[in-house]
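Sequential numbering from 98 applies to the sequence shown in the working numbering.
Working notes, structure below.
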Amino acid sequence: MMRILIVDDDMSSAKALADKLAQYEDTELIGMAHTGVDGLRMYRESSPDLMFLDVELPDVSGLDFLACIDAVGMGNCRVVMYTAHSRYMLPAFRSRAFDYLVKPIDDAELRGIMR
């Protein structure tokens with residue numbers, strides 16, 4: 098079972114992603130956080146296998162969030178940077194992101210990530 102965490106301040110985008118992820122077998126959405134602080138807490142408490150992380154959060158950037166979890170150890174968690182802004186792609190990969198998903202979500206792109 099792949100345990101998934103979504104960290105996104107846009108509640109409608111997070112819900113849309115959660116609905117799409119529900120179609121995949123052997124996955125469990127373990128939580129949704131709408132701020133970086135809540136996301137970091139949930140990350141530490143739940144040890145997800147996969148996290149969809151928005152780049153622009155109200156209290157911390159997704160890139161700074163990645164630096165925080167990298168400092169404490171990412172474990173086996175793969176992070177997909179998830180944003181409407183493609184300009185963050187290179188910094189995301191340099192910050193050890195596993196993949197990059199641009200909003201609105203393309204089903205084929207999501208399918209590739211989930212494989």
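All C-beta atoms, glycine included, are put in the ideal place defined by N, C-alpha and C.
Every value quoted in this text rests on a predicted model; they were computed, and no experiment measured them.
Own chain residues within Cβ distance below 6 angstroms of residue i, not counting five before or after
{"i": "leucine 160", "result": "Pro188, Ser192"}
{"i": "tyrosine 197", "result": "Met178, Met186, Ala189"}
First and last residue of the uninterrupted alpha helix (DSSP H) at residue i
{"i": "leucine 150", "result": "Taken as a continuous stretch (DSSP letters only), leucine 150 belongs to no alpha helix (DSSP H), being part of the beta strand (DSSP E) at 147-150."}
{"i": "glutamate 206", "result": "204-211"}
Collapsed DSSP secondary structure at residue i in the structure displayed
{"i": "arginine 193", "result": "coil"}
{"i": "glycine 128", "result": "strand"}
{"i": "methionine 108", "result": "helix"}
{"i": "methionine 139", "result": "helix"}
{"i": "methionine 186", "result": "helix"}
Own chain residues within Cβ distance below 8 angstroms of residue i, not counting five before or after
{"i": "phenylalanine 162", "result": "Val104, Gly133, Gly136, Leu137, Leu150, Leu154"}
{"i": "isoleucine 101", "result": "Leu118, Thr124, Glu125, Leu126, Ile127, Pro145, Asp146, Leu147, Met148, Phe149"}
{"i": "methionine 98", "result": "Asp123, Thr124, Glu125"}
Range covered by the beta strand (DSSP E) that runs through residue i
{"i": "valine 157", "result": "No beta strand (DSSP E) contains valine 157, which DSSP labels as neither H nor E."}
{"i": "methionine 178", "result": "175-180"}
Cβ pair residue i, residue j closer than 8 angstroms
{"i": "alanine 164", "j": "valine 177", "result": "no"}
{"i": "serine 110", "j": "lysine 200", "result": "yes"}
{"i": "tyrosine 140", "j": "methionine 211", "result": "no"}
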